[in-house]
Amino acid sequence: MSARQVTASCDSSALSRCILRGAALLGALLPAVAPADDTDASGTVMLDPIFVEASSGAAWRYYSAPGYEIISHCPDSFNEAYTNALRKAAAARLTLLPAGFWGGLATPMKIVLYDREPERGNGLGLASPIDLGWVDGGSALPDTVMLSHPVTVGDGDTFINCGNYWDLKSDPGDLSADPDGALLLECRVPRLPAWFRAGLEGAYGLFANRVVASDAQGYTVVLRAATWISPDETSAIQEEAKHNAESGAKPRDYPMIPLGDLFRHAIHGDQEALWGSEAALLARWGLYASGRRDAFLAFVDEATREPASEAMFRAHMGLGYAEALRSIEAFLPAAVGAPIRVPITAGLLEPFKARYGAPREVARILGDWCRMEGRDLGPEYADFQRECLKQADAQFSKVIVHRTDDPLLQAAYGLYALQAGEEEKGAIALEEATKAGVVRPRAYVELARLHLDRALPSVQHGIGDLSDNDYTEILDILQTARQQMPALEGSYTLLARVLEHAPARPLGAEVAVLDNALALFPQDAQLAYAVATLHRRMGELERATAIIGRATRFSETEQARRLLASFSGAAGAGAHP
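Numbering (numbering that gives the first Met the number 0), first residue to last: 0 to 576.
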């Protein structure tokens with residue numbers, strides 16, 4: 000670590016990842032340091048924005064390996080340490096969970112590394128959109144630098160992680176990074192159950208503070224000891240376990256949510272911490288203490304395709320809910336008492352290839368980053384949003400004025416232009432990119448959305464609104480998006496809207512695409528509602544009711560259950576033959 004004191008300011012995103020020397024954390028908060036205050040005087044939550052304008056005229060270095068693109072302004076020694084850390088992280092996650100439990104992205108994960116020195120006197124805030132700032136800590140912390148965690152933004156098919164690593168030094172063996180682990184869990188289809196995702200990467204999750212440690216035999220993943228509800232409650236359980244070991248007393252009963260309710264997230268408002276703690280304890284028990292790891296993983300996998308039930312759980316684990324909960328509760332003192340060390344057995348990724356980045360590559364990545372940072376966050380962030388889009392425009396302007404035949408750059412620029420309100424420019428760029436076969440599913444979805452909005456009449460009625468030509472053209476565009484990334488939910492929700500306005504009753508094969516999507520996203524209540532509505536308008540009420548019923552059994556939040564329950568009383572229930 001640099002000799003300067005570094006203070007962490009945690010980004011609110013669950014996808015943010017931290018990189019630092021010594022502690023070698025994967026996805027963890029900096030330890031033993033109070034987070035910086037991120038509110039203004041009015042109590043409004045302020046962003047931890049990172050802007051990526053170059054700190055000098057030096058060229059960007061470009062690193063690539065399967066699944067990754069990196070541009071960096073940092074020293075080569077840091078870049079080498081970082082890319083090696085990514086290789087270790089990829090191997091570590093395959094040690095923790097089989098490959099089938101990790102999803103995939105349609106485009107490589109983009110990472111921006113830069114080392115811009117913060118200006119003295121400027122802290123974090125929308126008026127100074129950088130992620131590092133000098134803070135006057137007084138005599139206790141002179142020359143303190145506030146360091147924001149790297150932030151990840153994305154739009155479904157492309158994700159970019161960006162951080163400022165100014166003056167952050169590291170030896171190759173003590174740096175760890177995992178910017179995409181949580182993403183790959185989220186992108187897996189069918190989606191993993193909410194309780195399992197929380198048990199892995201949630202606030203109390205098993206892998207939320209993972210450490211890759213070197214030893215004589217190689218590398219080991221160190222999974223922190225469990226946290227139960229709160230630090231105070233965890234400490235009390237640890238002290239009680241020591242006392243019971245000495246006195247022979249039996250442990251007390253701990254509050255537990257019945258497993259059926261845990262799986263459905265059917266809890267009271269004050270039980271969220273208990274639910275997260277118990278989900279993490281269940282994951283820890285199933286993977287490392289039950290003695291039936293493979294059976295537990297098979298149960299989780301089946302629960303992505305069918306709603307979890309006690310019969311399903313018993314078939315895999317040989318235990319009913321009550322017996323399993325007693326075993327999990329008995330495991331709690333040991334879980335909070337010690338970490339778990341798991342040797343890494345998977346092979347490393349191939350080494351990253353390095354070269355200087357081409358201007359179009361740098362503009363594409365930085366422009367996309369600024370565009371996604373400039374998403375609509377409400378009127379209180381209008382100035383910040385405008386500044387983000389201004390930065391995106393500056394990046395694209397460097398290269399787009401020279402007509403480019405790079406489809407990836409055209410797609411990125413087209414998405415920016417649409418977000419900036421320049422619809423015609425965006426449409427032209429997306430048309431050119433998609434005709435060239437660009438691998439960017441979001442470009443096809445947004446182009447299809449443009450075509451649909453332009454083709455629909457001002458007064459929409461339903462089936463019969465679209466012409467045959469418009470209908471066929473939009474379906475073809477969406478088909479390409481699905482082929483490139485079956486897991487992109489936006490392509491299915493838009494398809495449901497298209498079929499609602501088809502020239503005639505949609506064909507069975509066209510509707511079957513949506514029915515298949517329900518198997519990919521069984522927990523998506525809004526998608527289920529849209530597909531059920533389509534079937535009802537086609538006069539297939541029995542099918543619509545079955546879709547709502549299945550989605551209700553899969554629902555994981557009270558909000559989803561309320562939406563699905565409203566289906567029978569929704570307006571517009573008339574069928575369209």
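Just so it is clear, CB atoms sit at the ideal spot from N, CA and C, and this is done for glycine as well.
Remark: C-beta atoms of Ala294 and Met316 approach each other more closely than 7 angstroms. Distances from the CA of Leu199 to each of Gly319, Tyr287, Ile256 were compared; the closest alpha carbon is that of Tyr287. According to the DSSP assignment, Ser213 belongs to the beta strand (DSSP E) that extends over 209-214.
Just so you know, the alpha carbons of Ala391 and Leu184 end up roughly 29 angstroms apart. Scanning Arg374, Gly356, Arg196 for the CA closest to the CA of Gly275 turns up Arg196. The beta carbon of Glu555 lies closer than 6 angstroms to those of Ala193, His264, Gln522 in the same chain, with the five residues before and after it left out. For Glu431, DSSP records no beta bridge to any residue. For Ser234, the enclosing alpha helix (DSSP H) begins and ends at 230-246. It is roughly 23 angstroms from the alpha-carbon of Leu474 to the alpha-carbon of Gln418. Between Gly102 and Cys186, the alpha-carbon positions lie close to 5 angstroms from each other.
Counting along the chain, the unbroken beta strand (DSSP E) around Lys352 starts and ends at 352-355. When C-alpha distances from Pro440 are compared across Leu296, Gly413, Thr303, the shortest belongs to Gly413. Taking Leu85 as the centre and dropping the five residues before and after it, the same chain places the C-beta of Ala176 closer than 6 angstroms to its C-beta, in chain order. With contact defined as three or more Cβ pairs closer than 8 angstroms, the region 61-76 and the region 105-115 are in contact. Taking a cut-off of 8 angstroms on C-beta distances, the region 330-348 touches the region 229-249, as three or more cross pairs fall below it.
Ala550 and Asn208 have their C-alpha atoms roughly 33 angstroms apart. The C-alpha of Gly180 lies about 40 angstroms from the C-alpha of Asp469. When the alpha-carbon of Met255 is set against those of Glu328, Gly507, Glu472, Glu305, the nearest one is in Glu328.
Between Ala524 and Leu562, the gap from beta carbon to beta carbon is short of 7 angstroms. By the criterion of a C-beta distance shorter than 6 angstroms, Ala410 is surrounded in its chain by Ala432, Val437, Arg439, Ala442, once the five residues flanking it on both sides are discounted. The bridge partners DSSP lists for Asn163 are Tyr113. Under DSSP, Val152 takes part in a beta bridge, and its partners are Ile159. Our two residues, Arg292 and Gly285, have alpha carbons roughly 6 angstroms apart in a direct line. At a Cβ-Cβ threshold of 7 angstroms, Ala454 and Leu477 do not count as neighbours. If you look at Ala64, you'll find it in the beta strand (DSSP E) that goes 60-64. In terms of Cα proximity to Glu360, the closest of Thr403, Ile236, Phe77 is Thr403. Apart from sequence neighbours up to five positions away, the residues of its chain that approach Ala202 with a beta-carbon distance below 6 angstroms are Gly275, ordered along the chain. Counting along the chain, the unbroken alpha helix (DSSP H) around Glu277 starts and ends at 271-287. Residue state for Ser490 is assigned as helix, using DSSP reduced to three classes. A distance below 7 angstroms between beta-carbons, with the five flanking residues on each side excluded, links Leu494 to the following residues of its chain, in chain order: Leu477, Val512, Leu513.
In the DSSP assignment, Arg340 forms a beta bridge with Val221. Judged by DSSP in its simplified three-state form, Ser71 adopts strand. Here Gln394 has Ala362, Leu365, Gly366 as same chain residues with Cβ atoms under 6 angstroms from its own Cβ, once five neighbours each way along the sequence are excluded.
The DSSP-derived three-state label of Met108 is strand. The criterion of a C-beta distance shorter than 7 angstroms is satisfied by Tyr62 and Ala353.
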